[in-house]
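Novice: In terms of the numbering used here, the sequence shown is residues 1 to 466.
Backbone N, C-alpha and C fix where the C-beta goes; we use that ideal spot for every residue, glycine too.
Dumping the structure here so I can ask a few things about it.
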Amino acid sequence: MYDLIVIGSGPGGYVAAIRASQLGLKTAIIEKSETLGGTCLNVGCIPSKALLDSSHRYHDLTSLAVHGIGVQGASIDWPTMQKRKELVVSDVTKGVAFLMKKNSIEIHQGTGSLLPPQNVHRVLVQKAKGGEEVLEAKRILLATGSQPVEIPGMAFNGETIISSTEALSLQQIPHHLMILGAGVIGLEIGSVYARLGSRVTILEMLPGLLPGVDARISTAAKRSLEKLGITFHLSTKVTRVDKADSLLVTAQSSTGEEFQLEGSVLLVAAGRKPYTAGLGLEKAGLATDERGFIPVQSHSYQTSVPGIYAIGDVIRGPMLAHRAEDEGIAVAEILAGQKGHVNYNTIPFVVYTHPEIAWIGSPAEELKSIGIPFRSGVSFYKANGRARASEEREGMVLIHAHEQTDEVLGAAIFGAGASELIQEIAVAMEYKAASEDIARIMHAHPTMSEVIRDAAQATTGWAIHQ
Ligand code: NAI
Numbered sequence: 001m002y003d004l005i006v007i008g009s010g011p012g013g014y015v016a017a018i019r020a021s022q023l024g025l026k027t028a029i030i031e032k033s034e035t036l037g038g039t040c041l042n043v044g045c046i047p048s049k050a051l052l053d054s055s056h057r058y059h060d061l062t063s064l065a066v067h068g069i070g071v072q073g074a075s076i077d078w079p080t081m082q083k084r085k086e087l088v089v090s091d092v093t094k095g096v097a098f099l100m101k102k103n104s105i106e107i108h109q110g111t112g113s114l115l116p117p118q119n120v121h122r123v124l125v126q127k128a129k130g131g132e133e134v135l136e137a138k139r140i141l142l143a144t145g146s147q148p149v150e151i152p153g154m155a156f157n158g159e160t161i162i163s164s165t166e167a168l169s170l171q172q173i174p175h176h177l178m179i180l181g182a183g184v185i186g187l188e189i190g191s192v193y194a195r196l197g198s199r200v201t202i203l204e205m206l207p208g209l210l211p212g213v214d215a216r217i218s219t220a221a222k223r224s225l226e227k228l229g230i231t232f233h234l235s236t237k238v239t240r241v242d243k244a245d246s247l248l249v250t251a252q253s254s255t256g257e258e259f260q261l262e263g264s265v266l267l268v269a270a271g272r273k274p275y276t277a278g279l280g281l282e283k284a285g286l287a288t289d290e291r292g293f294i295p296v297q298s299h300s301y302q303t304s305v306p307g308i309y310a311i312g313d314v315i316r317g318p319m320l321a322h323r324a325e326d327e328g329i330a331v332a333e334i335l336a337g338q339k340g341h342v343n344y345n346t347i348p349f350v351v352y353t354h355p356e357i358a359w360i361g362s363p364a365e366e367l368k369s370i371g372i373p374f375r376s377g378v379s380f381y382k383a384n385g386r387a388r389a390s391e392e393r394e395g396m397v398l399i400h401a402h403e404q405t406d407e408v409l410g411a412a413i414f415g416a417g418a419s420e421l422i423q424e425i426a427v428a429m430e431y432k433a434a435s436e437d438i439a440r441i442m443h444a445h446p447t448m449s450e451v452i453r454d455a456a457q458a459t460t461g462w463a464i465h466q
């Protein structure tokens with residue numbers, strides 16, 4: 001009998017298993033796919049970053065003339081680009097398998113489903129190689145993640161109407177990629193193919209991109225993506241998709257005008273939903289809420305059935321690998337009698353476009369709407385020496401701090417290296433720093449990180465370089 005069985009080996013599940021094992025719990029993990037790592041490592045975060053990197057390197061060749069570098073005859077070898085991506089994925093998933101072994105975690109390859117408890121919790125494993133097995137444990141952790149939302153009338157067919165999974169493994173670079181949804185996936189996959197020469201059109205029903213970020217930042221990001229060649233139709237709903245020789249997408253703007261687009265592929269990136277199919281929740285006495293999430297008690301992650309816990313995309317909250325990881329650590333510590341905790345006010349969000357978009361805490365719009373008095377500072381990449389030397393002049397940083405206490409309440413960055421720079425703000429917010437604290441910390445010169453200090457100085461009212 002195990003102390004803990006984890007179902008699902010994504011960033012939530014595998015991290016929870018490692019932490020539990022470190023703390024002395026006899027732990028097993030059940031995974032139905034051939035490789036460990038879940039959506040993030042196999043068909044999400046990691047392969048998309050591999051393609052974003054390759055496509056950026058190719059596209060960046062067009063900007064080298066200013067450095068005095070001429071490039072002729074650059075070409076794309078799509079199968080090689082895909083192969084590199086697959087190697088990256090296989091390396092990182094093997095890395096997780098190594099970590100399981102190192103931490104003495106038993107891997108059961110197969111589909112796990114809950115059985116009615118009999119003094120202990122029980123999971124039926126339908127083994128991938130055939131046969132069944134019943135495992136017993138004192139506690140069970142559900143970390144089964146999420147899957148793409150399908151829209152009625154636009155069912156995924158793997159070829160012309162696709163989800164992000166297929167978008168990362170297309171047979172060829174599409175002539176015209178149409179994307180439903182200007183969310184994180186729409187912007188990242190749209191960037192990949194626009195850089196590789198596809199015509200990219202994004203249809204979004206909301207009036208702007210990325211509602212959680214400051215409007216100033218999302219407007220700047222949109223302009224930049226338009227310069228890359230992406231066409232946006234905002235406040236626009238896709239109403240119908242027809243297939244003849246190519247794909248015909250009918251869309252309607254908020255003013256009621258209807259128009260049609262013809263293209264090779266439609267990527268539906270309209271969000272993800274919790275994945276609980278076949279998990280046998282009802283057998284264990286569990287039910288999902290109206291949106292399909294497994295309800296848990298906040299901060300203990302226990303479901304309505306004692307001894308069964310859930311974390312990550314399968315419970316409510318932003319669907320991010322790092323949130324799931326932190327919940328995995330917290331729940332393992334709670335199970336081991338410690339005080340595991342996740343600070344939901346300091347979750348960094350990143351969109352890996354170029355330049356990147358990153359934010360944390362509250363945007364100005366939210367602070368205004370909830371009536372918190374605050375002041376903001378802004379800094380621009382074009383005033384940063386290192387950014388100019390690297391031809392990364394596009395972008396800005398916004399920091400919001402409480403009017404009276406000066407505590408940092410939120411920040412947003414649109415610019416090169418935003419995914420790394422946002423961590424400075426995360427550390428500051430975790431320690432409840434004031435904007436003046438950041439403003440007075442010495443930053444190496446010349447570095448991009450000085451844009452953070454500049455914005456903090458602007459927030460405290462004494463910008464030196466802006
Ligand atoms: P999303 O929730 O970020 O964006 C979906 C967009 O589709 C929204 O803007 C929504 O208004 C729009 N939409 C929905 N239905 C529509 C319709 N019928 N017509 C037009 N527009 C419509 O979801 P996305 O991009 O699919 O990503 C899924 C999840 O994966 C997100 O929770 C995201 O956080 C996560 N993810 C995170 C990444 C990162 O952190 N870099 C990368 C990729 C995904």
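Which of the three DSSP states, helix, strand or coil, is assigned to Tyr58?
Specialist: If DSSP states are grouped into helix, strand and coil, Tyr58 belongs with the helices.
Novice: Reducing DSSP to helix, strand and coil, say where Ala270 ends up.
Specialist: Ala270: coil per DSSP, three-state reduction.
Novice: His322 lies in the alpha helix (DSSP H); which residues open and close that run?
Specialist: Unbroken alpha helix (DSSP H) run through His322: 321-335.
Novice: Contact check, Val89 vs Pro47 under 8 Å by CB: the rounded distance?
Specialist: Indeed they touch by this definition, with Cβ atoms about 5 Å apart.
Novice: Could you check if Arg272 is buried or exposed, using at least 16 other CB atoms within 10 Å of its CB as the buried criterion?
Specialist: Counting Cβ neighbours within 10 Å, Arg272 comes out buried, since at least 16 surround it.
Novice: Contact between the region 355-362 and the region 414-432: three or more CB pairs below 8 Å?
Specialist: As far as the Cβ criterion goes, the region 355-362 touches the region 414-432, which means the pair count is three or higher.
Novice: With distances taken from CA atoms, which of Val92, Leu51, Leu206, Ala444 is nearest Trp78?
Specialist: Here the closest residue by C-alpha is Leu51.
Novice: In whole angstroms, give me the CA-to-CA distance for Ser435 and Glu325.
Specialist: Rounded to whole angstroms, Ser435 to Glu325 spans 28 Å at the Cα level.
Novice: Should Asp406 go down as buried or exposed, given a rule of 16 or more other Cβ atoms within 10 Å for buried?
Specialist: Flag for Asp406 reads buried.
Novice: The alpha helix (DSSP H) with Gln457 in it runs from where to where?
Specialist: Note, Gln457: alpha helix (DSSP H), 450-460.
Novice: DSSP state of Leu52, grouped into three classes?
Specialist: Of the three classes helix, strand and coil, the one that applies to Leu52 here is helix, per DSSP.
Novice: Near Pro174, what residues of its chain come up, given a Cβ to Cβ distance below 8 Å and the 5 sequence neighbours on each side ignored?
Specialist: Same-chain partners within the cutoff: Tyr193, Ser198, Gly263, Ser264, Val265.
Novice: When we look at the beta-carbon of Val66 and count the other beta-carbons within 10 Å, is it buried (16 or more) or exposed?
Specialist: Label assigned to Val66: exposed.
Novice: Determine the DSSP secondary structure at Leu149, reduced to helix, strand or coil.
Specialist: Here the sequence assigns Val to residue 149, which means Leu is not the residue at that position. In this structure, Val149 counts as coil in the three-state DSSP scheme.
Novice: Could you compute how far the alpha carbon of Gly130 sits from the alpha carbon of Ser164?
Specialist: In a straight line, the C-alpha of Gly130 is about 30 Å away from that of Ser164.
Novice: In whole angstroms, give me the CA-to-CA distance for Ile179 and Glu133.
Specialist: About 43 Å.
Novice: Give me whichever residues DSSP pairs with Ser376 in a beta bridge.
Specialist: In the DSSP output, where bridge partners are listed per residue, Ser376 has His400.
Novice: Examine the Cβ distances between the region 223-230 and the region 99-106 and report whether three or more of them are shorter than 8 Å.
Specialist: Output reads no: the region 99-106 does not touch the region 223-230.
Novice: Is it buried or exposed for Pro207, if we count other Cβ within 10 angstroms and need 16 for buried?
Specialist: Exposed, because fewer than 16 other Cβ atoms sit within 10 Å of the Cβ of Pro207.
Novice: Under a three-way DSSP split, which group does Asp214 fall into?
Specialist: Here Asp214 sits in coil by DSSP.
Novice: For Ser376, does the count of other Cβ atoms within 10 angstroms reach 16, so buried, or fall short, so exposed?
Specialist: Its Cβ being crowded by 16 or more others within 10 Å, Ser376 is buried.
Novice: On the DSSP bridge list, what partners appear for His121?
Specialist: Looking at the DSSP assignment, His121 forms a beta bridge with Ala137.
Novice: Who are the near neighbours of Arg240 in its chain, counting only those whose CB is closer than 8 Å to its CB and skipping five residues on each side?
Specialist: Correct list, in chain order: Gly153, Val249, Thr250.
Novice: Buried or exposed for Gly183, please, with buried defined as at least 16 other CB atoms from any protein chain shown within 10 angstroms of its CB.
Specialist: Classification of Gly183: buried, given that the 10 Å Cβ count is 16 or more.
Novice: According to DSSP, what are the bridge partners of Ala176?
Specialist: A quick correction: the sequence has His, not Ala, at residue 176. Paired residue(s): Arg199.
Novice: Could you tell me how far apart the beta carbons of Gly212 and Phe349 are, in whole angstroms, since I believe they sit closer than 8 Å?
Specialist: Indeed they touch by this definition, with Cβ atoms about 6 Å apart.
Novice: Leaving out the 5 sequence neighbours to the left and right, which residues in its chain are closer than 6 Å to Ser362 when beta-carbon positions are compared?
Specialist: Excluding positions up to five away in sequence, the list reads Leu409, Gly410.
Novice: Please state the DSSP three-state secondary structure of Gln297.
Specialist: DSSP places Gln297 in coil when its eight states are reduced to three.
Novice: Considering just the uninterrupted stretch of the alpha helix (DSSP H) at Lys368, what are its terminal residues?
Specialist: It spans 364-369 - the alpha helix (DSSP H) in which Lys368 sits, taken as one unbroken run.
Novice: What is the rounded straight-line gap between the Cα of His56 and the Cα of His322?
Specialist: When rounded, the distance between both Cα atoms is 24 Å.
Novice: Return the Cβ separation of Ile329 and Thr346 in integer angstroms, given the expectation that the two are a contact with Cβ distance under 8 Å.
Specialist: Contact doesn't hold; Cβ gap of about 15 Å is too wide.
Novice: For Lys222, does the count of other Cβ atoms within 10 angstroms reach 16, so buried, or fall short, so exposed?
Specialist: It counts as buried.
Novice: What does the alpha-carbon distance come out to for the pair Val120 and Lys138?
Specialist: So the two alpha carbons sit approximately 6 Å from each other.
Novice: Quick one: Cα of Arg122 to Cα of Lys101, how far?
Specialist: About 23 Å.
Novice: Below 8 Å, can you find three or more Cβ-Cβ pairs linking the region 377-386 to the region 396-406?
Specialist: With a cut-off of 8 Å, the region 396-406 and the region 377-386 count as touching, because enough Cβ pairs lie within range.
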